[in-house]
Amino acid sequence: MKLEIAGAEASQLAARFGTPVYVYDQNRLEERMRQFRQVFSSPLFDCHVAYASKAFCCLAMMQLVQREGLWADAVSGGELYTAMKAGFDMNHILFHGNSKTDAELEMALEAGVGTIVVDNLAEAGRLAFLSTGHPGSRTRTLLRINPGVEAHTHAYIVTADIDSKFGISITRSQEIIETCRILDEAPNLDFAGFHAHIGSQIFEPEAFAAEIYKVTAFTKEFQDHTGLQISCLDLGGGFAARYTDKDSCPPVETVCRRILEAMTEAVKRHGLSVRELIIEPGRSIAAEAGWTLYTVGSIKDTEHRRYVFVDGGMNDNLRPALYQAEYEAVLADRMDEEKSETVTVAGKCCESGDIILRDGRLQPARPGDILAVASTGAYGQSMASNYNKLPVPGTLFVKDGQARWVIRPQDLEDLIRNEEPLPEES
Ligand code: LLP
């Protein structure tokens, strides 16, 4: 048995396009987006699924997101630019970031971005000022608050502790009120509500319910105190994806149902005027649709380990080095064989932490085998680097057996494209 991705044999893709290479099952991406749209809907709320483009962002992906009727979240001028070039409806963009520059805010205002998610008091002031340069426009704003709910996840990617750099903690209600007043009073801005994001790779639907109860209770107090009406709540992303057998992710439907149930209950209980709900899944849309294909080079035994070396590494997948993230791998043409060996798949970077799979099970590998790592579709390509002057691999979309480049591989020339040599010594 051979590994197939969206109807194409992985080893044939490797032979035709080279390795390392990122391969996305386009059918699976589309299905996932449709599924989110379907299950995140309610007669009580206007529901929007905004794809967090940081997970994987390129023209083709943004086109797909748009085609499937999702909104998108962008966190930099670069992500915004990619969405613009993909023809994305700017009204359906949420522009995020804790440290947006004036140039980025200008770019967002100029482009007609639908919603800007403001992070802090100082930014609200800057945005209010910059927006006066766009008379006649009205940009909707949300304020990112930190409800202090910590979803259980790896420490590096928890964003909701009280001293998090993101948003304003609900313990600082005066500051939140002051910020919202600025946004509300700015002639070209519309203040619509709050945004919160409690972490990543959240397995427990109750974590979202806890977030909702905290945010809605705060909203009620806020409304009573200020008289400002909150019409929109954005609950952020964090929906889990499956990387290995250890990850048992609740179905998207279960999580969305719990979110809508908790919202319905909370809105009733507090008599809120919230009419619009947004979620921002990134990982759970992109991760499982993506594979990375490598070619096995040397195999080396040490006292306690068998290393299987591959032709990529931490420059194309930083997650194991940065978060001790775990993956599963297979030899693409030898799926029939038992995973009878415990090996460490290591990359070619000059760094001991350059490991793709630590002490994982694999079929007995031989040089030249195609090794496929599963679930690399989120935060793989998007966090790639040129460390050790390695070119970033290209990205393929495969749909119904047909493969095409959506990002061409970098070549050696690309690596020095922006470099300037010193002038010759005279
Ligand atoms: N919305 C906001 C405001 C976020 O900060 C994030 C992720 C998301 C949505 C999407 O979260 P997701 O659904 O993808 O979990 N590089 C790390 C993940 C960092 C996530 C940061 N924020 C990783 O590779 O695990």
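According to my numbering, the sequence shown holds residues 6 to 431 in order. All C-beta atoms, glycine included, are put in the ideal place defined by N, C-alpha and C. None of these values were measured; they are calculated from a predicted model.
Could you give the distance in angstroms between the alpha-carbon of residue i and the alpha-carbon of residue j?
i: T106; j: A133; result: 14 Å
i: A271; j: T146; result: 23 Å
i: K7; j: P140; result: 60 Å
i: L367; j: A330; result: 17 Å
i: A5; j: H97; result: Given that the chain is displayed from residue 6 to residue 431, the structure contains no residue 5 and the question cannot be resolved.
i: D405; j: E35; result: 12 Å
i: H159; j: G204; result: Reliability of the predicted coordinates at H159 is poor, the pLDDT of 43 falling under 50, and the value obtained from them is presented with this limitation in mind. Whole-angstrom Cα-Cα distance: 9 Å.
i: S47; j: L265; result: 7 Å
i: E418; j: V411; result: 19 Å
i: I283; j: P192; result: 25 Å
i: Y332; j: A88; result: 30 Å
i: V378; j: N391; result: 20 Å
i: P25; j: I375; result: 10 Å
i: G119; j: M95; result: 6 Å
i: S357; j: A351; result: 9 Å
i: D321; j: C355; result: 14 Å
i: F227; j: L401; result: 48 Å
i: E14; j: E128; result: 50 Å
i: A11; j: R37; result: 14 Å
i: L277; j: P256; result: 29 Å
i: Y161; j: K305; result: Since pLDDT at Y161 reaches only 35, below the 50 mark, its modelled position is unreliable, and the value read off the structure follows with that caveat. Y161 and K305: Cα-Cα distance of roughly 32 Å.
i: D239; j: P152; result: 12 Å
i: V163; j: F50; result: Caution is warranted here: a pLDDT of 43 is assigned to V163, below 50, making its placement in the model unreliable, and the coordinate value is therefore given only provisionally. Using only the alpha carbons, I get a separation of about 28 Å.
i: K353; j: S169; result: 35 Å
i: K251; j: S136; result: 48 Å
i: I121; j: A370; result: 50 Å
i: Q415; j: P396; result: 5 Å
i: Y384; j: A245; result: 13 Å
i: V220; j: I361; result: 38 Å
i: G130; j: K273; result: 34 Å
i: D166; j: K225; result: 22 Å
Could you tell me which residues DSSP puts in a beta bridge with residue i?
i: Q407; result: K404
i: T347; result: R366
i: N151; result: S174
i: V54; result: I284
i: D30; result: V403
i: V257; result: Its beta-bridge partners do not exist; DSSP assigns none.
i: T297; result: Y27, V378
i: L336; result: L376
i: I412; result: T400
i: K305; result: Y312
i: E9; result: E14
Are the Cβ atoms of residue i and residue j separated by less than 8 Å?
i: Q71; j: F93; result: yes
i: R247; j: C254; result: yes
i: Y328; j: D316; result: no
i: Q386; j: F22; result: no
i: A201; j: R263; result: no
i: D124; j: G102; result: yes
i: G302; j: P372; result: yes
i: T381; j: W296; result: yes
i: G287; j: A20; result: no
i: F41; j: I290; result: yes
i: D195; j: T144; result: yes
i: R311; j: E346; result: yes
i: A294; j: Y29; result: yes
i: V279; j: I235; result: yes
i: E285; j: G241; result: yes
i: L85; j: A55; result: no
i: G172; j: R186; result: no
i: S142; j: L110; result: no
i: L420; j: K394; result: yes
i: L64; j: A408; result: no
i: L323; j: M388; result: yes
i: Y27; j: P398; result: yes
i: L126; j: T184; result: yes
i: A267; j: A212; result: no
Less than 7 Å separating the Cβ of residue i from some heavy atom of the ligand LLP?
i: P286; result: yes
i: G241; result: yes
i: R324; result: yes
i: Q206; result: yes
i: S380; result: no
i: H101; result: yes
i: A408; result: no
i: H53; result: no
i: Y29; result: no
i: S289; result: yes
i: H97; result: no
i: K59; result: yes
i: M388; result: yes
Is there at least one non-hydrogen atom of the ligand PLP closer than 7 Å to the beta-carbon of residue i?
i: F244; result: Looking at this structure, you won't find the ligand PLP anywhere; what it does contain is the ligand LLP.
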